[in-house]
Every structure is written in structure tokens, then in C-alpha cells.
Amino acid sequence: MILYLRSRTFRVRGAPLDWDADRLRSFLAEREGSVGVIVKSLAHEIHGRSRTATVTFQTVPLRLQALQTGRTWSILLPKPSGCQSTRDQYLVLDDGFLGITTLFTPPADDHRVDVIALSGLGGHAFGSFKDRGGDYMWLRDSLPYDITGEDTNKPMARMMIYGYESSVGQSKSMQCLEDLATSFLNSLRALTSTPTTRPIILVAHSLGGLIVKQTLISLSKSKKEDDLKLVRAVYGIVFFGVPHDGMDISSLIPMVGDGPNRFLIESIGAINSQILSAQQREFHTALGGEGDSEIVCFYETVESPTAQKDERGDWSMTGPTAVLVTKSSATYCRWWESGPEHVCPVHRTHSDMVKFGPEDPEYDNRKRCRSMKRARTGEPLNYRVITWDGTSSGLAVASNVVSSSRTFNEIALRKYTIGWICAVTTEFVAARAFFDEKHDQLETIADNDNNTYALGRIGKHNVVMAALPKSEYGTTSAATVARDMLRSFPNIRFGLMVGIGGGVPSAKHDIRLGDVVVSARSNGKGGVFQYDYGKAIQERAFVTTGSLNQPPQLLLTALSGLEAEYELEGHQLSAQVDRALEQWPRLRQKYSRPPPDSDRLYRPDVVHPESSKECGDVCSNDPACLVDRKGRGEQEDDPAIHYGLVASAYFVSQSYLGRMQD
-1 MILYLRSRTF
9 RVRGAPLDWD
19 ADRLRSFLAE
29 REGSVGVIVK
39 SLAHEIHGRS
49 RTATVTFQTV
59 PLRLQALQTG
69 RTWSILLPKP
79 SGCQSTRDQY
89 LVLDDGFLGI
99 TTLFTPPADD
109 HRVDVIALSG
119 LGGHAFGSFK
129 DRGGDYMWLR
139 DSLPYDITGE
149 DTNKPMARMM
159 IYGYESSVGQ
169 SKSMQCLEDL
179 ATSFLNSLRA
189 LTSTPTTRPI
199 ILVAHSLGGL
209 IVKQTLISLS
219 KSKKEDDLKL
229 VRAVYGIVFF
239 GVPHDGMDIS
249 SLIPMVGDGP
259 NRFLIESIGA
269 INSQILSAQQ
279 REFHTALGGE
289 GDSEIVCFYE
299 TVESPTAQKD
309 ERGDWSMTGP
319 TAVLVTKSSA
329 TYCRWWESGP
339 EHVCPVHRTH
349 SDMVKFGPED
359 PEYDNRKRCR
369 SMKRARTGEP
379 LNYRVITWDG
389 TSSGLAVASN
399 VVSSSRTFNE
409 IALRKYTIGW
419 ICAVTTEFVA
429 ARAFFDEKHD
439 QLETIADNDN
449 NTYALGRIGK
459 HNVVMAALPK
469 SEYGTTSAAT
479 VARDMLRSFP
489 NIRFGLMVGI
499 GGGVPSAKHD
509 IRLGDVVVSA
519 RSNGKGGVFQ
529 YDYGKAIQER
539 AFVTTGSLNQ
549 PPQLLLTALS
559 GLEAEYELEG
569 HQLSAQVDRA
579 LEQWPRLRQK
589 YSRPPPDSDR
599 LYRPDVVHPE
609 SSKECGDVCS
619 NDPACLVDRK
629 GRGEQEDDPA
639 IHYGLVASAY
649 FVSQSYLGRM
659 QD
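Mapping to our numbering: the sequence shown position 155 is 153, numbers consecutive.
Written out as C-alpha cells, the structure is:
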């Protein structure tokens, strides 16, 4: 008996790289005597070793007709002549589409972005997005050709879908939401196997959106650089009917019964789900703050049929209609994305809201909905904007990804949250050497900004650095640099003034060359002893008449935590310096830490003559002029970190007695 299942799509993996659609079609037709083999897509897989196709048959081979869900059918490929020693290769056919499946791959030179779509609860990775009753699948057949480069008008997005086991009735799966997210995370890691991790757009329906959120939370907490690279690559997300605040599961519970997946179903219910509440709290910061990413939420406006058991005891979605995911739940995402540009209705049921047919008005009646704009750390700055064009109730995508775009610059400028100012070039060079990742220069900054910047990432933070103008010092110059920096980088939260200073050793602080001093509050002062806010009175100590603003409470709290951590575990400053010098070997001669015998502390009554020569050449090395200091022991930190007051002014003080008196 032959079945005509023209709407049933099969995945074919393992096609050799040199095969085209005609070669694959001919092989399947000859191998199985199949009639009407239609290769709908043929794309390179992420690993790059083979290609994957989606195929339909006018006459489905008997073996495929009998193929059970989750099972595969393997066909041994003939070995090329002269390559008998190579291992066997197989074509592997299935219709489950579990894991990542690539539907479309643009040419390497045009490939600029990755799109990954996840289906929902009880859905199918491919079938959930396919036109009901037909072969058309918009993620494969339309979307790649709607995402084109503005300069080339060529497709530039790799299209992928991700499949996972999420059946409701008679399920044998015990996976919880965290398990599903872990599996998706492991699949995503394949994207970091290439030198460049491209911008990522995630499209998720129903439960798929909760998996996406949990995955991004886990990535943001990871200490692995590849994981952090992935989360930084996520430009935006499109959520379709995602139950951020739970969904109606009242008809699903009888269907599940006491099955092993009951915990998963109950965890996404609308009534007091502690799992979703915790997920929502953590997701707010998983992709950074406002402006770091873009999320659009679509919600259903047509009631959906619910689960119902028929006379034979079989379950189907033919019961009374209900709203499965309410508008408030589907749009309960991030508080700053609650406007009409981020919240859009779809006049479909929960299941049909991600199904579009050819010439579907819900897809093709385009109206600019919102731009997905983002420039995550670590991405080359020739990526501009991923522009999602949709209707007020549907989705279509057009794209503009070009270089040298002012629009991109305006978005990218908002990604930097820490400003770092150096007083002299020597400090600027040393600071830049500690970038974990260096970013390209932006082509446009704010008008009247005269600074020159170095951009990069240190740890998880995007940092912008600038130096004072050549041969200019003091608070006025520093304030000017800071003012201009804030004009161009409005999202800077913290400013750091980092540089070289002269130490004032005391019984409490044995300061040596190469040590680090962190300004900290002391005796009611804000951490910086500002000479501008005081007066010198004859034969009396310097009297302060004011102080700078206190550092933000968040920094003070972080400082306490760091001090405690270093006290308990020590620090890795020497190792960090060594790594920087290994990366930048030409800096070794000038920036290596000086030997201990060059660290001479003179008595305060020693007068240092004016000279352009080094101090050691003109000042006496008579032990009577020096303060005797013992070397540091093995259990002492070297360099050491000190916490206390830092003096600042618009002039350089070389008078030790004056500084000691102050």
C-alpha cells in the first residue's frame, strides 16, 4: 500500500559537501525507487562537514511510511573511488527534526546573522511553523529572502530551527524546564566553533520562549568565555505567545495524568508558578539593561480549542475554546519594552500564530514595527541593524546590515557603561593592554566631543577609555574629558580615574613601587583628598573646606566585597601583568615592574635637585638619606593593594614635607 503524504517533510542529514539538490534527488530516487523526490532545501550544517536537506516525496518509500517518531533511517553512501580507507558515510533520514537543523545558509561572504527558531509545547520543530495542510514553511521559503544586505540585496541570514521532545499526552520524558534549557545551551555552543560568532536573533513560540529565557540566564551566569560570547551575540528575540507569567493548563492536566512530565506542565501554569517568577526576575538582567538588546512580544487574539478526550479515549485539541496565554502573560517580559513597538497582537489561535502561508496578509502586509538594534560586545562593528518589519498583528522581516552606519553607531555608543580616564599617555597605554577584547573605533561620536577613545571589554564590562590632552593636567582637563565622554556615551554608569601616583608610606601603609591604591572613605572624607576644596593656613595643616561627591553605593559595596575576597584568597595582579606583557612583548622594557633595589624611599628632609636625569643619577644613595625597609616576605602580597585616601589637585606636589603635613 502506498500513502500519498505530500505534506510530510523529512530531514536528510549527512549529504556530502559537493552534492547539490539534483545529486541528492537522483540518489534518493535511484536508491529507493522513489517517485517525485522534491528537495526543498539543502544547507551546510554548523559543523561544516556535511549538508542537510528537507525533502518531500510524492510517493513516500515504505520504510519511511513505517518510520516511528524519534527513529531514523540510515542509507550507506558509496565511497569515492580511491578512498576505500575512509570511514563509512551515511544519509540519515528522519521526520522528528530534533536538535538544530539548518534550513538555509547564505554564501560565506554574505553571511552576517544567525536566526534560530524554537517551537512550543507539544509542537514540532518544523511542522509548527509550516502552513497547515501544505508544504510552505515561512522560515525556509520566505524569511531568508527577506533578510538581505542593504548594499548587496542578497540573503545574509543563516536560518535554523531547534527541536526538542515536548509531547504532552503519553510522554515518557521527565525533563524539566532547566533540563530543556541545558540541552538547547549545549546545541548553541556549536556556534562558537567558528572564529566569528555572528549576531543572533531568536524566534520562539510558547514553551520555546521559556527555554530561550532559561538558556540565556544560564549563559549570563557562566564563567566560560565562549558562553559569555554567545549571550553577547544575542541581538534580539521575537516571542510568540510565550507564557512569561504562565498559561492555562487546566485541560492539559487530565491529559498528562500522573505522567513523568506533569512537573513540567505544572511549572508553566498560570497559578503561582515559583519557577516562572524566579525566571522572570533573573531574565531582566540576563541580556544587560535597557538598550542592550531588543525584544518584541506577540500575543494571540483568538481563543484556542482545548484538550478533550473522545469516545475512544484519545486526546485531541477539540474541546471548548479558551485563551491559552493571556495578553498580560505573553507581554510580561521587560518593563521598558511595554509600548506598541514591542507588543503586537496576532489575530490567530495560540497554535496558528506562527503559521503563515504564501502571500499571507499576516506576513506580507508590512508595516514598520520595530528595529532590532544591537551591538553586543565582541561583534565586529560592521554589523548595523536587524530590522524586523511586521504588521500590527503579524511578522515579516527585512534587514539592513551595512557598515559605516550612523544608526549602528548610535546604538553601539549605548553599550559602554564604564568610563576610564588616564592623565598621561603612559597610563593610557598600560590600561589598553588589559583589554580582554579590543573593539574597533566608532565612526561617529557626539558633536563637539574632542576626545580620542579606546574601546574594549574587560571581563563582562564594556569600557571606554580616554586620556587627557598632551601636556595638560589637573581637574579642569579631567572634567572636560569626562563631560565629552558622557555626551557620546550616555549610558556610562561609573567613571574611573586610573593612573600613576606618588605614594606616602606610613606605619599603616607600606607602599612600594608597583602597589595599587584604591580610594576609600576615611574620617568622613569621600575617598579623594581634593586640594581644590581647602586652604593652607600658616604653620597649620591643610584645612578641607569641601569634598567631592561620594561614590555610588553600588561601588562601595563592591569594594567591600573585593577587599574581603583579596584578604581571604589573595589576588592575581602579578599574573595579570605577566599575561599582558606576554600579549604585548614590546611593552616589557618600559612597563615591567622595576627591581626592588630601585625602590628607594628618601627621608623627608632630603632635597632633590632639579634635573632632567633619573633620580638615582643625581640624588645621593647614601644609606643615611634613605629609609631602611625590609623586603616583603613570601606570605605578603607583592604587589599589595591599599585602601585609603587619594590626593588630587590641579598641580603636581613634589614636596614630601608638604604632603606629610597635609
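Virtual Cβ for every residue (Gly too), placed ideally from N, Cα, C.
Leaving out five residues on either side along the sequence, give the residues of the same chain with a beta carbon under 7 Å from the beta carbon of residue i.
i: Ser590; result: Leu579
i: Asn448; result: Asp482
i: Ala320; result: Asp246, Glu301, Ser302 and Thr304
i: Ser164; result: Leu119, Gly120, Gly121 and Leu205
i: Lys325; result: Tyr297
i: Ser179; result: First, the residue type needs correcting, since residue 179 is Ala and not Ser in the sequence shown. Same-chain partners within the cutoff: Ile209, Gln212, Thr213 and Ser216.
Can you list, in chain order, the residues of its chain with a C-beta nearer than 6 Å to that of residue i? Leave out the 5 residues immediately preceding and following it.
i: Gly501; result: Ile509
i: Val113; result: Ala155, Met157 and Ile199
i: Leu453; result: His437 and Val462
i: Val201; result: Ala115 and Val236
i: Glu288; result: Trp334
Comparing C-alpha positions only, which one of the options sits nearest to residue i?
i: Arg332; options: Leu285, Glu298, Trp313 and Tyr361; result: Leu285
i: Pro78; options: Thr52, Pro14, Ala51 and Met135; result: Pro14
i: Glu223; options: Ile44, Lys458, Asp635 and Arg430; result: Lys458
i: Leu511; options: Asp635, Thr474, Ile145 and Ala476; result: Asp635
i: Gln574; options: Asp626, Phe432 and Asn619; result: Phe432
i: Phe238; options: Ala64, Gly118, Pro621 and Thr478; result: Gly118
i: Arg11; options: Cys174, Cys295, His340 and Ser72; result: Ser72
i: Gln56; options: Glu357, Gly34 and Ser171; result: Gly34
i: Thr423; options: Asp177, Gly497 and Ile36; result: Gly497
i: Leu186; options: Leu175, Ile251, Thr99 and Lys170; result: Thr99
i: Thr329; options: Ala27, Phe296, Trp582 and Asp225; result: Phe296
i: Glu28; options: Ile44, Arg9 and Pro59; result: Pro59
i: His109; options: Thr146, Phe354 and Gly267; result: Thr146
i: Phe281; options: Ala622, Ile215, Cys342 and Leu91; result: Ile215
i: Pro467; options: Ala428, Gln633 and Cys420; result: Cys420
i: Leu91; options: Leu74, Glu435 and Gln581; result: Leu74
i: Gly131; options: Gly355, Pro583 and Arg584; result: Gly355
i: Leu566; options: Glu608, Leu554 and Gln633; result: Gln633
i: Pro318; options: Val344, Ile293, Gly631 and Ser249; result: Ser249
i: His345; options: Glu357, Thr299 and Thr316; result: Thr299
i: Met315; options: His348, Asp513 and Thr555; result: His348
i: Ser48; options: Glu357, Leu62, Asp16 and Ser558; result: Asp16
i: Gly311; options: Leu553, Met253 and Val479; result: Met253
i: Ala464; options: Val479, Arg455 and Ile456; result: Val479
i: Arg9; options: Asp358, Glu30, Leu96 and Arg21; result: Leu96
i: Ser504; options: Glu425, Gln587, Arg627 and Glu360; result: Arg627
Give every residue of the same chain whose Cβ lies closer than 8 Å to the Cβ of residue i, excluding the five residues on either side of it in the sequence, and list them in chain order.
i: Phe182; result: Leu116, Tyr160, Tyr162, Ile209, Val210 and Thr213
i: Thr7; result: Lys38, Thr52, Val53, Thr54, Asp93, Phe124, Gly125, Lys128, Asp133 and Met135
i: Gly669; result: Outside the modelled stretch of the chain, which goes from -1 to 660, sits residue 669, for which no answer is possible.
i: Tyr88; result: Gly12, Ser72, Ile73, Leu74 and Leu75
i: Asp623; result: One detail in the question is off: residue 623 reads as Cys in this sequence, not Asp. Within the same chain, Cys623 has close Cβ partners Tyr600, Arg601, Val604 and Cys617.
Assuming the contact rule is C-beta atoms closer than 8 Å, residue i and residue j should be a hit. Round their C-beta distance to whole Å, please.
i: Thr195; j: Leu228; result: 7 Å
i: Trp313; j: Gly167; result: 5 Å
i: Pro637; j: Leu571; result: 6 Å
i: Gly121; j: Ser204; result: 7 Å
i: Thr50; j: Ala41; result: 6 Å
i: Arg485; j: Ala429; result: Actually they are not in contact, since the Cβ atoms of Arg485 and Ala429 sit about 21 Å apart, beyond 8 Å.
i: Gly244; j: Ile266; result: 6 Å
i: His242; j: Ser140; result: 28 Å between Cβ atoms; not a contact.
i: Glu561; j: Tyr641; result: 6 Å
i: Ala268; j: His45; result: At roughly 40 Å, the Cβ-Cβ gap does not stay under 8 Å, so Ala268 and His45 are not in contact.
Can you find a heavy atom of the ligand MG that lies under 6 Å from the Cβ of residue i?
i: Val294; result: This structure simply doesn't include the ligand MG, nor any ligand for that matter.
Going by DSSP, name the residue or residues bridged to residue i.
i: Asn460; result: Arg455
i: Tyr600; result: Leu624
i: Tyr297; result: Pro343
i: Gly234; result: Ile199 and Glu292
i: Ala477; result: Looking at the DSSP assignment, Ala477 forms no beta bridge with any residue, so it has no partner.
i: Ser314; result: Gln306
i: Val111; result: Ala155
i: Tyr641; result: Val516
i: Ala13; result: Arg49
i: Thr54; result: Ile36
Does chain C have any CB closer than 7 Å to the CB of residue i?
i: Val461; result: You won't find chain C in this structure, because it holds only one protein chain.
Checklist entry - Quick one: any contact between the segment 306 to 321 and the segment 223 to 234, if contact means 3 or more CB pairs under 8 Å? => result The segment 223 to 234 and the segment 306 to 321 do not touch, with fewer than three beta-carbon pairs separated by less than 8 Å.
Item to check | Contact the segment 147 to 156 vs the segment 105 to 116: 3+ CB pairs below 8 Å | outcome: The segment 147 to 156 is in contact with the segment 105 to 116.
Checklist entry - How about the segment 477 to 491 and the segment 414 to 421: do they share at least three Cβ pairs that are nearer than 8 Å? => result In short, these stretches touch, since the Cβ pair count reaches three.
Next on the checklist: Below 8 Å, how does it come out for the segment 274 to 281 and the segment 334 to 341: are there three or more Cβ pairs, yes or no?
Outcome noted: Contact fails: fewer than three Cβ-Cβ distances are below 8 Å.
Next on the checklist: With three or more beta-carbon pairs closer than 8 Å as the criterion, would you say the segment 170 to 177 touches the segment 242 to 260?
Outcome noted: Cβ pair count under 8 Å is three or more, so yes.
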